[in-house]
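Right, one structure below, let's go through it.
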Amino acid sequence: MENTYSDKESIANVPTSLTTCDMLGAWKVRLGIGRMNYTVNPGLYSVGNPHRESPVLVSANYKLTFDILRKNLADLDCWLLILDTKGVNVWCAAGKGTFGTDELVHRIDSVGLSKVVNHRNLILPQLGAPGINAHEITARTGFSVTYGPVRADDIQAYIAEGYNATREMRRVKFTFTDRLVLTPMELVPAVKMSLPIMGVMLITNQFAKRPFGKSDIAAYAGAILTGSVITPLLLPYIPGKAFAWKGLVTGLMGTICILGASKGFKKENRLMSAGQLLLFPAFSSFLALNFTGATTYTSPSGVKKEMKRALPLIIGAGAVGAAIVLGSHFLGKGKK
């Protein structure tokens, strides 16, 4: 049997071990630095020493996804068909349509995959299924689609078991650790957005009748933490399904605790506190709503539906709360 592809040397071979640069790059994108430019070129890659009967694994060109996949392929000989998902992970790209039927058909044709392998089977990540019409792929290319396990670290066992996934391999998990790893990508943009707001607060303190103080900063910081960190970490345990609602609950509890500790409920501070109870939970709710793009708890249609319902309420509560808070600072009196 012929075991090699005549133009194999033209296909980039990728190692399964990650370099220090790869690991630093992963931390950078976890912190939201260079996120949309962290990509690999779409196309065909080889791992190990694949031949014409070696499996073909399909994935996205988001480098973090690419690296997680290849580091779990040690001692395997296989092909990697990487789609142009515009630097988006498989799950999100399937929802957006970039990990989709047309792109997969195009990539199969552009790399001449039928000339590289004798078989006609593709292994796709299970989370990419929403974007793929398997019957159309077969009709247009002759390749059939098989869905592999949810997690890349199950690939070895999946192949060893004759391409059979156990129930556990099919199970979508989103553990505390999984959620914790994603929180920096929510926290860092929120902090960056806060820098000009803090600047405005410092400037207005020069002429406001009631300058912004430590309690105001604490309440604002609390809204950031509850929306971008606490809500994602406690996601399964907060009552309700809507992310905006969950962020509102944690934001409200956090604001109440801070106001209670800073004597915000004293008579002379009640108007200010009323504004903060509208503004900061609304901000926390907005940040929590952003987390829908990072979790497998949602669907694209569900996200759109929630945004349509929640955003007007968030904007309305935030606007009224901001007006009360600013009015209290410029016109009111009370504890500084």
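In my numbering, the protein residues as written are -8 to 327.
Heads up, the beta-carbon is just placed ideally off N, CA and C, and yes, glycines get one too.
Note that the coordinates shown come from a computational prediction; the quantities given were computed from them, not determined experimentally.
Beta-carbon separation (whole angstroms), residue i vs residue j, contact threshold 8 Å
i      : j      : result
ALA51  : VAL81  : 5 Å
VAL31  : THR7   : At roughly 15 Å, the Cβ-Cβ gap does not stay under 8 Å, so VAL31 and THR7 are not in contact.
GLY266 : ILE315 : 3 Å
LEU74  : VAL102 : Going by Cβ atoms, the distance from LEU74 to VAL102 rounds to 11 Å, so no, they are not a contact pair.
SER185 : ILE249 : Between ILE249 and SER185 the Cβ distance is about 16 Å, and since that is not below 8 Å, they are no contact.
Residue from the options whose Cα sits closest to the Cα of residue i
i      : options                           : result
SER135 : THR92, ALA151, VAL172 and LEU60   : THR92
ILE306 : ALA273, SER319, SER292 and LEU317 : ALA273
LYS164 : SER185, ARG142 and PRO180         : ARG142
PRO41  : LEU60, LEU243, ILE24 and ASP66    : ASP66
ARG361 : ARG43, TYR53, LEU48 and TYR149    : The shown model of the chain, from -8 to 327, leaves out residue 361, and the question about it has no answer.
ASN281 : GLY119, THR217 and ILE73          : THR217
LEU270 : ILE146, ALA210 and THR56          : ALA210
SER219 : ILE194, PRO180, ILE123 and ARG300 : PRO180
ARG201 : HIS320, GLY23, SER1 and THR11     : HIS320
LEU64  : VAL79, SER45, ALA17 and ILE123    : SER45
LEU72  : ASN196, LEU262 and ILE99          : ILE99
THR222 : PHE167, THR56 and PRO33           : PHE167
VAL182 : THR10, LEU55, LYS106 and ILE208   : ILE208
PRO140 : THR157, ALA130 and ASN124         : THR157
VAL79  : TRP70, LYS62 and PHE57            : PHE57
TRP18  : LEU322, ASN260, LYS258 and THR174 : THR174
MET160 : ASP169, ASP144 and ARG170         : ASP144
CYS12  : LEU55, SER1, PRO227 and VAL47     : LEU55
Backbone secondary structure at residue i - three-state DSSP
i       : result
SER(-3) : At SER(-3) the pLDDT is 48, less than 50, meaning the model places this residue with poor confidence and gives no usable figure here.
TYR138  : strand
GLY213  : helix
LEU278  : helix
SER37   : strand
ASN112  : strand
GLY325  : Its pLDDT being 47, under 50, GLY325 is placed unreliably by the model, and the measurement read from it follows with that caveat. If DSSP states are grouped into helix, strand and coil, GLY325 belongs with coil.
MET(-8) : The pLDDT assigned to MET(-8) is 35, lower than 50, so where the model puts this residue is not dependable; a value taken from the coordinates is nonetheless given after this. Note: MET(-8) maps to coil in three-state DSSP.
ALA3    : strand
THR174  : helix
THR30   : strand
ASN155  : coil
ALA65   : coil
Residue i, enclosing beta strand (DSSP E) - first and last residue
i     : result
VAL81 : No beta strand (DSSP E) holds VAL81; the alpha helix (DSSP H) holding it covers 81 to 87.
LEU71 : 69 to 74
SER50 : 47 to 51
Extent of the continuous alpha helix (DSSP H) run through residue i
i      : result
ALA20  : Checking the sequence, you will find Val at residue 20 rather than Ala. 11 to 21 is the extent of the alpha helix (DSSP H) around VAL20.
GLY242 : 234 to 252
GLN147 : 146 to 151
PRO121 : From DSSP, PRO121 is part of no alpha helix (DSSP H); its letter is neither H nor E.
VAL107 : 104 to 107
LEU55  : 54 to 62
VAL96  : 92 to 101
Residue i and residue j closer than 8 Å at C-beta
i      : j      : result
LEU278 : GLY251 : no
PRO116 : GLY86  : no
TYR378 : VAL5   : Residue 378 is absent from the model: the chain starts at -8 and stops at 327.
GLY133 : PHE90  : no
ALA301 : ALA235 : yes
GLY23  : MET176 : yes
ARG162 : ASN109 : no
THR129 : ASN112 : no
ALA233 : GLU152 : no
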